[in-house]
Amino acid sequence: MMNRPTKTGIAGTLESNDCQVIVEPTKDEGLIIQIESVVKARFGKQIETAVRDTCEQLNLIGAIVSVNDKGALDFTIKARVETAVKRSL
Amino acid sequence: MSIRSALFVPGNSAAMVLSSPILDADTIILDCEDAIAMSSKDSASLLIKHTLMQLPRRQKEFWVRINPLGSDFFMDDLNNILPSLPDALLIPKADGDDWGEIIASIEKVENKFKLKPISLIALIESAKGVLTCEKLAHHPRTKGFLLGGEDFASDMGIARREDNRELLFARYQVVTWAKAFKLLCLDTPYTDIDNLEGFKLDCEFSASIGFDGKACIHPLQAEVANEVYSVSETQITWAKEVLEETKRQSLGVFSFKGKMIDRPVILRAEQTIEKAKKWGLLR
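Below, the structure written as structure tokens:
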């Protein structure tokens, strides 16, 4: 079963080692991932993979997922994405 | 299970969870309960899940304090956290009457994910919990007790005192039942984090009546607890000498350095060496 957001879901913080994730509904079925990070040049791809993998595991469609990263590790990013997605449903 | 210090870490703080493996505590308790605001319960539970799934944790144990039975978060915590394989669950507001129902819920989730049975630590923090320790101790899934003084005092309608005298009965009751069933027993946190001297005195008293270790709420407390609940060099030397003398003697009871040595004393010496081995204190 696919999951489509019905409202905005926000999780995480802008503190060091954390990230804030915002999941918003869109009209089409695609997934748009936007990343802002102090380490984007070096780890941007890795962050995007963590976000995309988590969204796919949660069967998310029709969403814009925005991540404001403050140096979060992989598992923190995945946790914040999962929380934001679940809060958006 | 032998633990001198168990440090509570708020489960929703990414920075604190991340730094927890390097803190000087035998065990880290990632907290979903009292340290977490209602609006962040889901977030803490999921951060703990993903952390435990990826964090290397060979050096120390990681426990999780879940939300209590009857709360909106109890089943979500079990479903999120059990598959991430923490070393133990700390069950708040534990008492003998609810224990069976709590364990049935845990076993349902363990069966769903085909997990091995997890160790369960009962957080005893009510008058009823203290009085029903026996039932908790009898249950084969119970691996230990932790006394929660703050909630216990609230339940009793009494104020906390600097010397913790109001906890005397609860402490003796909980630790005696734990020892009777060979369970781990950890003492209540000491909430005045700036008073390390008072914390040390409190540890020394609880160690003297049999507690194995202390719940801590600051990394500096964990360092002190490790020292107090540990075994000293003098104790290790004494234990080694007693055990060597025991090998030389073939008597059930003998005199050594002016003191009577019999079976209980030899057992204590063996326990001292066991603890010293576990904490890497043997040279």
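Taken in order, these protein sequences are the chains called A and B. The first sequence begins at 2 in my numbering and counts up by one. The second sequence begins at 15 in my numbering and counts up by one. Backbone N, C-alpha and C fix where the C-beta goes; we use that ideal spot for every residue, glycine too.
Interface residue (Cβ-Cβ distance to chain B less than 8 Å): Ser89 of chain A is not classified as such.
Taken through DSSP and simplified to helix, strand or coil, Ser38 of chain A comes out as strand. Taking the beta carbon of Met67 of chain B as reference, the chain A residues within 8 Å of it are Phe76, listed in sequence order.
Among the residues of chain B, none has a CB under 9 Å from the CB of Lys8 of chain A; the nearest is roughly 15 Å distant. DSSP places Asp169 of chain B within a helical segment (H, G or I) once states are collapsed to three. When DSSP states are grouped into helix, strand and coil, Asp70 of chain A belongs to the strand group. For Pro278 of chain B, the enclosing alpha helix (DSSP H) covers residues 277-292.
Between His64 of chain B and chain A, the shortest Cβ-Cβ separation is below 8 Å. Where Ser19 of chain B is concerned, the enclosing beta strand (DSSP E) starts and stops at 19-24. The segment 96-107 of chain B makes contact with the segment 62-69 of chain B; the number of CB pairs closer than 8 Å reaches 3 or more. Close partners of Thr84 of chain A in chain B (Cβ separation under 7 Å): Asp56, Ser57, Leu60.
Taking CB atoms only, Ala290 of chain B has no neighbour in chain A less than 8 Å away. Cβ neighbours of Phe166 of chain B within its own chain (closer than 8 Å, five residues either side excluded): Ile138, Glu139, Ser140, Ala141, Gly143, Val144, Leu181, Ala184, Thr202. In terms of Cβ geometry, Ile80 of chain B and Thr41 of chain B do not form a close pair [threshold 8 Å]. Here the segment 2-21 of chain A lies against the segment 18-32 of chain B, with 3 or more beta-carbon pairs under 8 Å apart.
Here Ala20 of chain B is near Leu200 of chain B, since their CB atoms are less than 8 Å apart. Excluding the 5 residues flanking it on each side, Arg282 of chain B has same chain C-beta neighbours closer than 8 Å at Ala253, in chain order. Taken through DSSP and simplified to helix, strand or coil, Arg185 of chain B comes out as helix.
Using a Cβ distance threshold of 8 Å, Asp91 of chain B and Cys46 of chain B count as a contacting pair. Within the segment 104-155 of chain B, the complete beta strand (DSSP E) runs of at least 3 residues fall at 133-138. Counted as a single uninterrupted DSSP element, the beta strand (DSSP E) harbouring Gln21 of chain A occupies residues 20-26. With respect to chain B, the C-beta atom of Glu16 of chain A has a partner C-beta closer than 8 Å.
Less than 8 Å divides the Cβ of Val24 of chain A from the Cβ of Ala64 of chain A. Considering only B:Ala118, B:Lys149, B:Leu296, B:Pro131, the residue with the shortest C-alpha distance to Val245 of chain B is B:Leu296. Counting along the chain, the unbroken alpha helix (DSSP H) around Ile95 of chain B starts and ends at 88-95. Interface residue (Cβ-Cβ distance to chain B less than 8 Å): Ala64 of chain A is not classified as such.
Counting along the chain, no alpha helix (DSSP H) covers Gly13 of chain A; the unbroken beta strand (DSSP E) around it starts and ends at 10-13. Counting other Cβ atoms within 10 Å of its Cβ, Leu265 of chain B stays below 16 and is therefore classed as exposed.
One thing to note: Pro26 of chain A has its Cβ no nearer than 8 Å to the Cβ of Thr55 of chain A.
Listed along chain A are Glu16, Ser17, Asn18, Asp19, each with a C-beta nearer than 8 Å to that of Ala29 of chain B. Below 8 Å, too few C-beta pairs join the segment 69-89 of chain A and the segment 145-160 of chain B to call them touching: fewer than three. Taking a Cβ-Cβ threshold of 8 Å, the residues of chain A close to Leu32 of chain B are Asn18, Leu74, Thr77, in chain order. Collapsing the DSSP output to three states places Phe219 of chain B in a helix.
Using beta-carbon distances, Ala80 of chain A counts as an interface residue toward chain B, with a partner under 8 Å. Taking each of B:Asp38, B:Phe22, B:Pro24 in turn and checking the Cα distance to Trp293 of chain B, the smallest one comes out for B:Asp38.
Secondary structure note for Ala229 of chain B: its beta strand (DSSP E) is the uninterrupted segment 227-230.
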